[in-house]
Each structure stands twice: as C-alpha cells, then as structure tokens.
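Student:
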Amino acid sequence: MLLQINNLRVSIEDKEILKGITLKLGEGEVVALMGPNGSGKSTLAQTLMGNPAYTVTDGNALFDSQKLFSLEANERSNLGLFLSFQYPSEVTGVTISNFLRLIYNKKNNTKISPAKFRTILKEKLSILEMPEDFMSRYLNEGFSGGEKKRMEMLQMLVLEPKLAVLDETDSGLDIDALKIVAKAVSYLRQEKGMAVLIITHYTRVLQYLEPDKVVIMRKGIIVKEGDSSLAQELEDKGYAPFGE
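According to the working numbering, the sequence shown is numbered sequentially starting from 14.
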C-alpha cells in the first residue's frame with residue numbers, strides 16, 4: 014500500500030479539524046475526496062504535505078513504507094509526494110524554465126544543463142498543449158486561473174511523483190482545460206503508476222479520471238466510501254443523506 018493513514022487527528026490553533034481519518038491508497042489508484050466546505054479536505058492535504066500550521070495530535074501515516082510525519086516537507090517531496098495548491102503564489106524574476114530545472118535537479122540529484130532541460134520541458138508542454146514560450150514567463154506572474162492550474166500540472170509532469178494530491182485543481186476550469194488536466198494525470202497514472210488523491214466539489218472531473226474509490230467527508234470525519242457511483246449519488250441527492 015502506497016499511503017496508509019490511520020486514525021488521524023489534526024488541529025489548527027487548538028481547534029480540532031480532522032477527527033480520526035483512516036484512508037488507504039495503492040499504487041496507480043485514484044481516490045476522489047468530496048465533501049462540503051469546512052469538512053477538512055484541504056486540511057488533510059496540507060497535513061500530508063507537512064504544512065507546519067497544522068498539528069497532528071493523534072494517529073499516523075505511512076508513505077512508501079516511511080513514517081510520513083517524521084519527515085520535513087522537502088523530504089516528503091523527494092520521496093514522491095506532490096501537492097497541487099489551490100492558490101499558487103506569484104514569483105517575480107524567476108522563469109518557469111529555471112524554477113522547474115531547479116526542482117528537477119533537486120529531485121533527481123543531478124545537474125542537467127538548461128539546454129537539455131528545455132528538451133525535457135518541451136515534451137511536457139506538448140502533453141498540456143501549452144506553447145513553448147511559456148517557459149520564459151515568470152512563475153505565475155499575471156497568470157489566469159487556468160494558466161496557474163496548468164502550471165501546477167506541468168510541475169507534476171516534471172517531478173513524476175508517486176502520489177499527487179490535487180486540491181480542487183478542477184475549480185474554475187472550462188471543459189477544454191479540464192480535459193487537458195485530466196490528460197496529464199492519466200498520462201502519469203498509466204506511464205508511471207502514479208496514485209491520485211483528488212479533492213473536488215464536482216463530479217465532472219471524475220468523468221475523465223475514473224476514480225477507483227469515492228470518499229465523502231463531513232465535519233472532519235469520513236462518513237461514506239464507495240465506488241464511482243457514489244459520486245453520482247452525491248450529485249443527485251446532495252450531502253443531506255450523508256449526515257449533518
């Protein structure tokens with residue numbers, strides 16, 4: 014099992030947000046995590062990645078047989094964990110090409126030249142149907158919401174993680190952009206065996222990613238798990254049947 018979360022309890026500023034979460038993901042598996050605002054979905058994502066604002070008060074997690082919560086955020090990334098942010102920051106003066114080459118070299122413990130890396134990056138850009146001049150732009154500066162989401166997917170393609178946690182990556186995307194994002198995720202899933210934990214409010218993205226399991230959270234706990242048909246049930250009936 015790639016990721017095992019056991020009885021996880023998490024607080025922020027002494028307020029308990031997660032109240033005993035147990036969840037498992039295998040290699041190549043896609044799990045959709047759904048729930049209303051405030052249910053703790055993003056807290057789970059941030060905790061897995063090591064955001065120091067969130068305090069683990071009980072439980073544990075194993076990622077690729079490693080004790081996840083004993084690792085720093087950069088160590089988790091090097092191990093193969095990736096988080097796509099809802100609101101990526103702008104970084105003036107740093108080009109996308111230089112930024113991605115830096116993290117590529119760090120992840121792979123190498124010192125690839127700018128010229129060789131541009132060849133790699135062109136291949137990744139083609140998957141996302143993005144122009145090559147995108148490489149020369151400053152990181153997220155002046156980007157539209159859709160461009161920021163594509164940038165996150167480009168970073169994911171460069172890093173080739175074992176597990177991608179996608180926190181509302183589909184939010185605000187039109188149908189064409191959504192298909193391209195799904196294409197990138199599916200590529201890494203099929204070619205590299207990447208697992209995906211996708212946090213979403215919408216069932217439309219699940220039409221393209223075809224989850225193996227759907228998990229519903231409310232108020233910091235998991236209230237129901239099922240196959241992909243559970244997402245359609247949620248679409249039809251809303252959250253009311255799944256508890257207050």
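Just so it is clear, CB atoms sit at the ideal spot from N, CA and C, and this is done for glycine as well.
Here's the rule I'm using: 16 or more other beta-carbon atoms within 10 Å means buried, otherwise exposed. How should Lys162 be labelled?
Tutor: Lys162 should be labelled buried.
Student: Apart from the five residues just before and just after Leu222, which ones in its own chain have a Cβ nearer than 8 Å to its Cβ?
Tutor: Val43, Ala45, Ala195, Val198, Ser199, Val209, Ile211
Student: Measuring straight from C-alpha to C-alpha, what distance separates Lys54 and Ile25?
Tutor: 14 Å
Student: Does the contact criterion of 3 or more C-beta pairs under 8 Å hold for the stretch 135 to 146 versus the stretch 168 to 187?
Tutor: yes
Student: With a 10 Å radius around its C-beta and 16 neighbouring C-beta atoms as the bar for buried, classify Pro224 as buried or exposed.
Tutor: buried
Student: Could you pull the DSSP bridge partners for Phe130 from this structure?
Tutor: Phe130 is not bridged to any residue.
Student: Could you check the C-alpha separation between Val23 and Ala128 for me, to the nearest Å?
Tutor: Per the coordinates, the alpha-carbon of Val23 lies some 44 Å from the alpha-carbon of Ala128.
Student: Consult DSSP for Leu222 and reduce its assignment to one of helix, strand or coil.
Tutor: If DSSP states are grouped into helix, strand and coil, Leu222 belongs with the helices.
Student: Output the boundary residues of the beta strand (DSSP E) element that contains Asn73.
Tutor: 68 to 76
Student: If you follow the alpha helix (DSSP H) that Ser184 is part of, which residue opens it and which one closes it?
Tutor: Run containing Ser184: none; DSSP gives neither H nor E here.
Student: Just curious, the beta strand (DSSP E) that Leu81 is in, first and last residue?
Tutor: Here Leu81 belongs to no beta strand (DSSP E), and DSSP marks it neither H nor E.
Student: Going by CA-CA distance only, name the one from Gly41, Leu21, Gly48, Gln220 that's closest to Arg202.
Tutor: Gly41
Student: Take Thr70 as the anchor and find which of Phe82, Ser78, Asp77, Val178 has the nearest alpha-carbon.
Tutor: Phe82
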